[in-house]
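Asker:
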Amino acid sequence: MPGVARVAAVLWMGSLWTTACVVPLLFWRLPQAVAGALAGDLFAAGQGLGLILGGVVAQAVAPGRYRRLAQVAWAFDGVFALLILPVMAYLRNTPQFGPQSPTWSLFMALHAVSTTIYLIEGVLGLVVVARAL
């Protein structure tokens with residue numbers, strides 16, 4: 108893999124896993140509404156960056172198993188960034204958003220799906236970084 112792709116892979120996974128470590132700290136230290144807003148911003152920025160960096164990595168890995176893993180991780184990034192995050196942001200901005208609101212159950216279901224996607228993307232990306240670099 109060329110040097111630019113190596114840097115892209117490390118930045119992609121580094122930002123993903125850094126966000127995964129920082130977000131729980133936000134909820135531990137800040138009011139839930141503030142932590143949620145900051146977490147949403149971190150995820151949006153990280154996934155936007157991931158769309159660019161993941162594309163570089165997915166095309167730079169040598170053809171074969173690890174390229175497919177990189178492409179799947181990149182696809183998960185796209186689903187998360189382009190579909191799930193905007194819907195969650197919309198729901199979060201509905202009037203009286205919270206556990207009593209009618210949109211809460213959908214938000215929590217999307218939260219569970221996005222957590223799973225984020226974890227799969229992170230693990231696949233780590234395998235690509237560890238094996239294809």
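Letter 25 of the sequence shown, counting from 1, is numbered 132 in the working numbering, and no numbers are missing.
All C-beta atoms, glycine included, are put in the ideal place defined by N, C-alpha and C.
Alpha carbons only, please: which of Leu-145, Leu-226, Ile-224 and Ala-116 is nearest the one belonging to Val-168?
Answerer: Here residue 168 refers to the residue found at position 61 of the sequence shown. The shortest C-alpha separation from Val-168 is found at Ala-116.
Asker: Could you tell me the distance, in whole angstroms, from the CA atom of Pro-193 to the CA atom of Arg-238?
Answerer: On the sequence shown, residue 193 is found 86 positions in, with the first residue counted as 1. On the sequence shown, residue 238 is found 131 positions in, with the first residue counted as 1. Their backbone Cα atoms lie some 33 Å apart in a straight line.
Asker: How would you label Ala-152, buried or exposed, when you count the other beta carbons within 10 angstroms and need 16 or more for buried?
Answerer: Indexing the sequence shown from 1 puts residue 152 at position 45. The residue is exposed, with fewer than 16 neighbouring Cβ atoms inside 10 Å.
Asker: Mark Trp-135 as exposed unless 16 or more other C-beta atoms lie within 10 angstroms of its C-beta, in which case mark it buried.
Answerer: In the sequence shown, counting from the first residue as 1, residue 135 sits at position 28. Trp-135 should be labelled exposed.
Asker: DSSP three-state call for Val-168: helix, strand or coil?
Answerer: Within the sequence shown, residue 168 is the residue found at index 61, counting from 1. Val-168: coil per DSSP, three-state reduction.
Asker: Return the chain-ordered list of same chain residues with a C-beta closer than 6 Å to the C-beta of Gly-157, the five sequence neighbours on each side being excluded.
Answerer: The residue given as residue 157 occupies position 50 in the sequence shown. Trp-119 and Asp-184, listed in sequence order.
Asker: Return the chain-ordered ranges of every alpha helix (DSSP H) run that is complete within the stretch 154-198 and spans a minimum of 4 residues.
Answerer: Taking only runs of at least 4 residues, the alpha helix (DSSP H) segments lying wholly in the stretch 154-198 are 172-186.
Asker: Distance, Cα to Cα, Thr-201 vs Pro-131?
Answerer: Counting from one through the sequence shown, the residue named residue 201 turns up at place 94. Counting from one through the sequence shown, the residue named residue 131 turns up at place 24. If I take the Cα positions, the gap works out to 24 Å.
Asker: What is the C-beta distance between Leu-145 and Thr-126, in whole angstroms, given that I count them as a contact (C-beta under 8 Å)?
Answerer: On the sequence shown, position 38 is the one that residue 145 refers to. On the sequence shown, position 19 is the one that residue 126 refers to. About 11 Å separates the two Cβ atoms, so there is no contact after all.
Asker: Keeping to the same chain, check which residues put their C-beta closer than 6 Å to that of Leu-198; ignore five residues upstream and five downstream.
Answerer: Position 91 of the sequence shown holds residue 198. Counting only Cβ-Cβ distances below 6 Å, and skipping sequence neighbours, we find Thr-210 and Phe-214.
Asker: Mind reading off the beta-carbon distance from Ile-191 to Leu-217? Whole number of angstroms is fine, and I expect it under 8 Å.
Answerer: Along the sequence shown, read from residue 1 onward, the residue named residue 191 stands at position 84. Along the sequence shown, read from residue 1 onward, the residue named residue 217 stands at position 110. Correct: roughly 6 Å between the Cβ atoms.
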